[in-house]
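Okay, so the sequence shown: first residue is 14 according to my numbering, each after it adds one.
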Amino acid sequence: MLEKNLDNGILTIRLAHGKASALDLELCNALASAFEEAAADDDVGSVILTGTGSIFCAGVDLPRLIDAGGDYVQLFVESLDAALRSLFTFPKPCVAALNGHAIAGGAILGFACDHRLMSGGRIGVPEPLVGVPFPPLALAIVRYAVPKPHLQPMVYFGRTMDAEAGKGMGIVDEVVPAADLLSRARTIAEQLMTVPRATFRITKRQLREPYLRDASEISVASIDEIDAIWAAPETHAHIREYLAKTLKKK
14 MLEKNLDNGI
24 LTIRLAHGKA
34 SALDLELCNA
44 LASAFEEAAA
54 DDDVGSVILT
64 GTGSIFCAGV
74 DLPRLIDAGG
84 DYVQLFVESL
94 DAALRSLFTF
104 PKPCVAALNG
114 HAIAGGAILG
124 FACDHRLMSG
134 GRIGVPEPLV
144 GVPFPPLALA
154 IVRYAVPKPH
164 LQPMVYFGRT
174 MDAEAGKGMG
184 IVDEVVPAAD
194 LLSRARTIAE
204 QLMTVPRATF
214 RITKRQLREP
224 YLRDASEISV
234 ASIDEIDAIW
244 AAPETHAHIR
254 EYLAKTLKKK
């Protein structure tokens, strides 16, 4: 599910959960635990988050979501929030080495990191096309990472783009050949580790706190509505239509 390797203070966390490392309850729980443990481990100075094969993370495991329904949906949304929170509030440097497609929740995992390298594939947040609203923290992370002129078009139209276009938009920091992806990620991680830990921690917190505060100030009524839409039969019907169209294009 997660492969971890600690080398000279740099912890590489590799998503290895099926063909597409789609986000489900178990993977989200594992991510939350991994980042909480890394935050507390003095031997870890920075993290590289990467994936397997040609896909970094394809987003939420939609077939499981609609097949399981009921309590699973609520548990999953809560676990997704916990995973994103543990990554976005991680007090040490985190470099995303996007080895391939980073779609929807996969893109948001990348957006929560401090520096994004990408070797290929597509990146974007098609949640509205899928038919589900962004949970508050997920949208706050998108707002944090996507430059304002591009934010609404990306969100409303569910656009995805290749790595070069992502760099031009400012959501990818560097496009790197696949063979050099992890070595370049290590170089960036090492550079970020030269900043004293306490200084990095407080600087990162200052940059991100306004977005965390915005997410926490969403009303209970709005959160209940978001949860209800995720669990609604009509939403699951729309997801089935989206999946059918997506598979037809392949």
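In this text, a Cβ means the ideal position worked out from N, Cα and C, and glycines have one as well.
Looking at the backbone, the Cα of residue 167 and that of residue 128 are separated by about 20 angstroms.
In this structure residue 117 is in contact with residue 138, their Cβ atoms being roughly 6 angstroms apart against a cut-off of 8 angstroms. A straight line joining the alpha-carbon of residue 16 with that of residue 225 spans about 28 angstroms.
Separation of residue 68 and residue 34 (C-alpha to C-alpha, rounded to the nearest whole angstrom) is 8 angstroms. By alpha-carbon distance to residue 103, the top candidate from 251, 211 and 257 is 211.
Within the DSSP bridge table, the entry for residue 110 names 63 and 130 as partners. For residue 98, there is no enclosing beta strand (DSSP E); the enclosing alpha helix (DSSP H) covers residues 83–101. Secondary structure note for residue 28: its beta strand (DSSP E) is the uninterrupted segment 23–28. Under the three-pair Cβ rule at 8 angstroms, the segment 216–230 does not count as touching the segment 51–62. Residue 28 places its beta carbon 8 angstroms or farther from that of residue 106. In the DSSP assignment, residue 123 falls within the alpha helix (DSSP H) that extends over 118–124.
Judged by beta-carbon spacing, residue 72 lies within the 8 angstroms limit of residue 119, meaning their Cβ atoms are closer than that value. Inclusion of residue 162 and residue 239 in the CB contact set at 8 angstroms is not warranted, their separation being larger than that value.
For the options 20, 44, 25 and 75, the alpha carbon positioned closest to that of residue 14 is the one of 44. The beta carbons of residue 252 and residue 79 sit closer together than 8 angstroms. With a threshold of 16 other beta carbon atoms within 10 Å, residue 192 falls short and is exposed. When the beta-carbon positions are compared, residue 36 and residue 84 stay at least 8 angstroms from each other.
Contact between residue 154 and residue 97 holds, since their C-beta atoms are separated by about 6 angstroms, short of 8 angstroms.
The criterion of a C-beta distance shorter than 8 angstroms is not satisfied by residue 150 and residue 89.
Judged by DSSP in its simplified three-state form, residue 135 adopts strand. Of the residues assessed, residue 173 falls on the buried side of the cut-off, its CB having 16 or more other CB atoms within 10 angstroms. The Cβ atoms of residue 26 and residue 47 sit closer than 8 angstroms to each other.
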